[in-house]
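Enquirer: Under the working numbering, think of the first position of the sequence shown as 9, with each following residue one higher.
For each residue, glycine too, the CB sits at the ideal point set by N, CA and C.
Computed from a prediction, not measured in an experiment: that's the story for all the values here.
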Amino acid sequence: MSKKKTTTSTSVFTTSLAAWGICVLVASLKTITLPNLSQWYSAEIQSYATKYVWPVLQTARTNVIWVTVLFTVFRYIATCHQLRSRIACTVSRSRKSLVVIL
Numbered sequence: 009m010s011k012k013k014t015t016t017s018t019s020v021f022t023t024s025l026a027a028w029g030i031c032v033l034v035a036s037l038k039t040i041t042l043p044n045l046s047q048w049y050s051a052e053i054q055s056y057a058t059k060y061v062w063p064v065l066q067t068a069r070t071n072v073i074w075v076t077v078l079f080t081v082f083r084y085i086a087t088c089h090q091l092r093s094r095i096a097c098t099v100s101r102s103r104k105s106l107v108v109i110l
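#1: Let me make sure I understand the geometry here. Which of V34, I85, L78, S36 has the alpha-carbon closest to that of V20?
#2: Using a threshold of 8 angstroms, state whether the C-beta atoms of R94 and I85 are closer than that.
#3: Go ahead and label L65 buried or exposed: buried means 16 or more other beta carbons lie within 10 angstroms of its beta carbon, across all protein chains shown.
#4: Closest to T18 by C-alpha separation, out of C97, L110, K104, V107, would be which residue?
#5: Which of the three DSSP states is assigned to S46 in this structure?
#6: Ignoring anything shorter than 4 residues, give me the alpha helix (DSSP H) runs that lie fully in the segment 45 to 110, in order along the chain.
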């Protein structure tokens, strides 16, 4: 999806959603799943994981939500305002919007 040939605003959003989704999965694994599976992890590493990984998890979750909202707005413009979509729904604007969300 991130190849140069298929770069559209949709592919930019779906690539961003995939990246943030992977961050959510990895951070959830380290903060929620591993403490339930291992007593050693819970005793030794859990405090550090909570301190450093938990904010990353919350940021990634929030970014997934906002990227979905932004993607929905771009699709609304492309569907309901087709003449404006060529100006408003460009790859450049979608990347700039994602930077603002970040």
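Expert: The answer reads as follows:
#1: For the purposes of this step, residue 20 is taken as the residue at position 12 of the sequence shown. The shortest Cα separation from V20 among V34, I85, L78, S36 belongs to L78.
#2: As a position in the sequence shown, residue 94 is number 86, starting the count at 1. As a position in the sequence shown, residue 85 is number 77, starting the count at 1. Result no, Cβ atoms of R94 and I85 do not sit closer than 8 angstroms.
#3: The sequence position of residue 65 within the sequence shown is 57, counting from 1. By the neighbour-count rule (16 or more Cβ atoms within 10 Å), L65 is buried.
#4: Within the sequence shown, the letter at position 10 stands for residue 18. When only C-alpha atoms are compared, the closest one is C97.
#5: Sequence index remark: in the sequence shown, residue 46 carries index 38 (1-based). Coil at S46, not helix or strand.
#6: 47 to 52, 54 to 88, 90 to 96, 99 to 109
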